[in-house]
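Enquirer: Our numbering numbers the first residue of the sequence shown as 700 and each following residue consecutively.
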Amino acid sequence: MKRRITSWPVIAVLVAATLVAGWTWRGSDDLFELRRNFEIFGAVYEELVTSYVDDIRPQPFMKAGIDAMLAELDPYTVFYDEADLVEMSALQNPAAGTAGLNLGERGGQIRVLPPDSHAEAYRSGIQTGDILLEIDGVDAAGLSLTEAYTLLQGEPGSVVQVLVQRSTDTPSRMFTLRRVRTQTENVAWAGWVGDDPSERIAYVRLDQFGERAGRETRRALRNLADGEPLGGVVLDLRNNPGGIVTEAVDVVELFVPDETSVVRIATRDGASDQTYRTDMDALFPEAEVIVLVNRFSASASEIVAGALQDLEAARVMGETTFGKGLVQVVRRLPHDTALKMTIAHYTLPSGRIVPTGEGIEPDIHVDVPAQSDLEVALRADAAFFLFSNAWVNGACGGSVSLPTVDACLADEAAVLSAFERFLVEQGFSYTTPMESDAEVLLAELEEASWTEALGQLASLRDVMAQEKRQDLERYAPSLLAAIESSVAAHLLEGEARTAREVAHDPLVARAVETLQNSPRRSR
């Protein structure tokens, strides 16, 4: 078998060597500029620490300077001091629950970075770039990253409240996030999809590209195929934030010929560029493949989707992906510190680059229906999770002796009525963007003393309030779907829960229908 670079530390060494050697050919001017600025920075740091009117603690002061420098770069480049590394290692407890936020320090503030694990917290409404203000009532100002992660961690299934601010000039907003157990497997579930298993349409949900992701995907499909041809493959990469590049290549390898170029890693000077190719024959060369993606599919997910798309080995279905065409490595630094740093872009087989923030455009674009203002607010408050917990523990309103998902949801009218009562008991309320705009307009009209307009606005606000009271009925189908998903999360574990989600997933059904109607199947 041909050899292929299989880990990023090797590339990191090559890049480091190139950067050191690169000063020779880049000229003495660059080297002089580097030394000059380093000396200036060191002199300023020393003068301030030793002579400033107030006492300055050297370590936090240096870290603040480093964070300020990194704030000029992309959000994926992060510095970890000794305490960060020690405590973050201790936090990697597979039995603990995590809220799923990826955090970094920028300008003395803890900010939300793009997800590098499951994206449930982000689906609740928290966005990349949000400033973390509080965690369960604890002021985040002055917290280290590890202290923030410690507060976010807890018993799986419990909730944690986080207060965030989108920017310094916008109102803060509270989110209630559910803690989930850290995932260890890459393949969440694999099985047959469609009403007729004899059509042999295989489905694999790949949640991350950790170690052995390619091997797990290969094993899952091989076990399903059992030596017989497959009628189609649905590879689900939705909410998959990526991971190891070589694992992405191993997944592409299942469907394309040996020695096929999958991705090229393009470094700063080009001397350490690396092209990754498949190194064995395709396991399923004839299988028709659909790759499912959404806006949280990033990095290695985009390599797989984009490469299979370029090589015409699959069709991509869903939303435009996240757009993370960058590669990071973790470099160890002196005194037990480290730097996670972006070192390269990547290009796909056609030569195209995935621009940051733009992503892979699907062949079959399927928009996810926009959530109503009501549903957004309910998710931010973890209302579905909290109601489902109470509903199941109360044996679904006392209507069943042995709670199952179907039994608990059999009477949809009763479920919605109970949910409405629950929201009243919890004191749930929310403000729509339209109401916020009306409040701004109200203040402006009062300042201008436009009496007649104020009266008309008051009538309009009454109409908006009436419309909002009808939202529970208006959005009943989507609310019931969210409740069903949460009830299933309480009653089912692992693969059983995922299998039910897949069976009720409209995009999976759309993919199956597309494969069933493919001209290739009729040949």
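Idealized CB from N, CA, C, for every residue including glycine. The structure displayed is predicted, hence computed values, not measured ones.
Whose CA, out of A1112, G803, T977, T749, lies closest to the CA of A770?
Expert: Translated into the one-based positions of the sequence shown, residue 770 becomes position 71. Comparing Cα positions, the closest option is G803.
Enquirer: Could you compute how far the alpha carbon of Y744 sits from the alpha carbon of F983?
Expert: The residue labelled residue 744 in the question sits at position 45 within the sequence shown. The residue labelled residue 983 in the question sits at position 284 within the sequence shown. Using only the alpha carbons, I get a separation of about 60 Å.
Enquirer: Quick check: what's the CA-CA separation for K1231 versus V1114?
Expert: Outside the displayed span of the chain (700 to 1222) sits residue 1231, for which this structure offers no information.
Enquirer: Keeping to the same chain, check which residues put their C-beta closer than 6 Å to that of R963; ignore five residues upstream and five downstream.
Expert: Here residue 963 is taken as the residue at index 264 of the sequence shown, counted from 1. T974, T1046, listed in sequence order.
Enquirer: By the three-class DSSP mapping on this structure, what secondary structure does G1163 have?
Expert: By one-based count along the sequence shown, residue 1163 stands at place 464. For clarity, residue 1163 is Met in the given sequence; the question names Gly instead. Correct three-state label for M1163: helix.
Enquirer: Could you have a look at W1090 and say whether DSSP puts it in helix, strand or coil?
Expert: Position 391 of the sequence shown, counting from 1, holds the residue named residue 1090. Helix, per DSSP.
Enquirer: In three-state terms, what does DSSP make of D729?
Expert: Start at 1 with the first residue of the sequence shown, and residue 729 comes out as number 30. Helix.
Enquirer: Is it the case that the Cβ atoms of I1182 and F1121 are separated by a distance below 8 Å?
Expert: Translated into positions along the sequence shown, residue 1182 becomes position 483. Translated into positions along the sequence shown, residue 1121 becomes position 422. No. Outside cutoff.
Enquirer: Measure from the alpha carbon of V1026 to the alpha carbon of each residue in P940, L1144, D925, then state which is nearest.
Expert: Position 327 of the sequence shown, counting from 1, holds the residue named residue 1026. V1026 has its Cα closest to that of P940, out of P940, L1144, D925.
Enquirer: Should D925 go down as buried or exposed, given a rule of 16 or more other Cβ atoms within 10 Å for buried?
Expert: As a position in the sequence shown, residue 925 is number 226, starting the count at 1. By the neighbour-count criterion, in which 16 or more other beta carbons inside 10 Å mark a residue as buried, D925 falls on the exposed side.
Enquirer: Residues in its own chain within less than 6 Å of A912 by CB, not counting five upstream and five downstream?
Expert: Start at 1 with the first residue of the sequence shown, and residue 912 comes out as number 213. Counting only Cβ-Cβ distances below 6 Å, and skipping sequence neighbours, we find N885, E946.
Enquirer: Would you kindly work out how many angstroms separate the C-alpha atoms of W722 and R734, rounded to a whole number?
Expert: Start at 1 with the first residue of the sequence shown, and residue 722 comes out as number 23. Start at 1 with the first residue of the sequence shown, and residue 734 comes out as number 35. Unreliable placement is indicated for W722, whose pLDDT of 42 sits below 50; the coordinate value is still reported in the next sentence. C-alpha separation (whole angstroms): 12 Å.
Enquirer: Between the Cα of F1127 and those of A1081, D980, Y848, E952, spot the shortest distance and give me the residue it belongs to.
Expert: Locating residue 1127 in the sequence shown gives position 428, where the first residue counts as 1. Comparing Cα-Cα distances from F1127 to each of A1081, D980, Y848, E952, the minimum goes to A1081.
Enquirer: T849 by DSSP, collapsed to three states: which one?
Expert: If you number the sequence shown from 1, residue 849 lands on position 150. Three-state DSSP puts T849 in a helix.
Enquirer: With 16 as the cutoff for other CB atoms within 10 Å, does N922 come out buried or exposed?
Expert: In the sequence shown, residue 922 corresponds to position 223, counting from 1. Flag for N922 reads exposed.
Enquirer: Just checking, does the stretch 901-908 make contact with the stretch 848-856 on the three C-beta pairs under 8 Å criterion?
Expert: no
Enquirer: Count the other CB atoms, across all protein chains shown, that sit within 10 Å of the CB of E952; report buried if there are 16 or more and exposed otherwise.
Expert: Position 253 of the sequence shown, counting from 1, holds the residue named residue 952. That one is buried.
Enquirer: Which residue's Cα is closest to the Cα of G1154: A1137, Q1169, Q1165?
Expert: Within the sequence shown, the letter at position 455 stands for residue 1154. The shortest CA-to-CA distance from G1154 to any of A1137, Q1169, Q1165 is the one to A1137.
Enquirer: Is it true that the CB of Q860 sits closer than 8 Å to the CB of L832?
Expert: Counting from 1 along the sequence shown, the entry for residue 832 is found at position 133. Counting from 1 along the sequence shown, the entry for residue 860 is found at position 161. Going by C-beta atoms, L832 is not nearer than 8 Å to Q860.
Enquirer: Between the C-alpha atoms of E781 and T881, what's the straight-line distance to the nearest angstrom?
Expert: The count along the sequence shown starts at 1 and reaches residue 781 at position 82. The count along the sequence shown starts at 1 and reaches residue 881 at position 182. Straight through space, the alpha carbons of T881 and E781 are spaced by roughly 24 Å.
Enquirer: DSSP three-state label for E771, please.
Expert: On the sequence shown, position 72 is the one that residue 771 refers to. In the three-state reduction of the DSSP assignment, E771 falls in the coil class, being assigned neither a helical nor a strand state.
Enquirer: Do you know offhand how far G828's Cα is from R878's?
Expert: On the sequence shown, residue 828 is found 129 positions in, with the first residue counted as 1. On the sequence shown, residue 878 is found 179 positions in, with the first residue counted as 1. Cα to Cα, G828 sits roughly 21 Å from R878.
Enquirer: Is it true that the stretch 1186-1206 meets the stretch 1096-1116, where meeting means three or more beta-carbon pairs spaced less than 8 Å apart?
Expert: yes
Enquirer: Please classify S1000: is it buried, with 16 or more other beta-carbons within 10 angstroms of its beta-carbon, or exposed?
Expert: Position 301 of the sequence shown, counted from the start, is the residue given in the question as residue 1000. Buried, by the Cβ-count rule.
Enquirer: Is it right to say L1101 is buried, meaning 16 or more other beta carbons lie within 10 angstroms of its own, or is it exposed?
Expert: Translated into positions along the sequence shown, residue 1101 becomes position 402. Flag for L1101 reads exposed.
Enquirer: Could you check if D1105 is buried or exposed, using at least 16 other CB atoms within 10 Å of its CB as the buried criterion?
Expert: Residue numbering aside, residue 1105 sits at position 406 when the sequence shown is read from its first letter. So D1105 ends up on the exposed side.
Enquirer: Counting along the chain, where does the alpha helix (DSSP H) carrying G828 start and finish?
Expert: By 1-based counting over the sequence shown, the position of residue 828 is 129. Note, G828: premise wrong, no alpha helix (DSSP H); not H, not E.
Enquirer: How big is the Cα-Cα spacing for L812 and P1061?
Expert: Here residue 812 refers to the residue found at position 113 when the sequence shown is read from its first residue. Here residue 1061 refers to the residue found at position 362 when the sequence shown is read from its first residue. Spanning the two alpha carbons is a distance of roughly 25 Å.
Enquirer: Look up I943 in the DSSP assignment and say whether it is helix, strand or coil.
Expert: By 1-based counting over the sequence shown, the position of residue 943 is 244. DSSP places I943 in coil when its eight states are reduced to three.
Enquirer: Just the C-alpha distance for V1028 and A1152, rounded to the nearest angstrom, thanks.
Expert: Residue mapping note: residue 1028 aligns to position 329 of the sequence shown, counting from 1. Residue mapping note: residue 1152 aligns to position 453 of the sequence shown, counting from 1. Those two C-alpha atoms are separated by around 59 Å.
Enquirer: Alpha carbon to alpha carbon, how far is V1053 from M768? Give it in angstroms, no decimals.
Expert: The residue labelled residue 768 in the question sits at position 69 within the sequence shown. The residue labelled residue 1053 in the question sits at position 354 within the sequence shown. Between M768 and V1053, the C-alpha separation is close to 25 Å.
Enquirer: Per DSSP, what kind of secondary structure is Q860 in: helix, strand or coil?
Expert: Within the sequence shown, the letter at position 161 stands for residue 860. Three-state DSSP puts Q860 in a strand.
Enquirer: Residues in its own chain within less than 7 Å of S750 by CB, not counting five upstream and five downstream?
Expert: Within the sequence shown, the letter at position 51 stands for residue 750. Counting only Cβ-Cβ distances below 7 Å, and skipping sequence neighbours, we find nothing.
Enquirer: Express the C-alpha separation of N736 and A887 in angstroms, rounding to a whole number.
Expert: Mapped onto the sequence shown, residue 887 falls at position 188. Mapped onto the sequence shown, residue 736 falls at position 37. Straight-line Cα distance between these residues: approximately 50 Å.
Enquirer: Write down the C-beta distance between V988 and A1004 rounded to the nearest angstrom, noting that I regard them as a contact closer than 8 Å.
Expert: Walking along the sequence shown from the start, residue 988 turns up at place 289. Walking along the sequence shown from the start, residue 1004 turns up at place 305. Actually they are not in contact, since the Cβ atoms of V988 and A1004 sit about 10 Å apart, beyond 8 Å.
Enquirer: Leaving out five residues before and five after A820 in sequence, what residues of the same chain have Cβ atoms less than 7 Å from its Cβ?
Expert: Counting from 1 along the sequence shown, the entry for residue 820 is found at position 121. If we look at A820 and ignore the five residues flanking it on each side, its Cβ neighbours are A798, G799, L800, L876.
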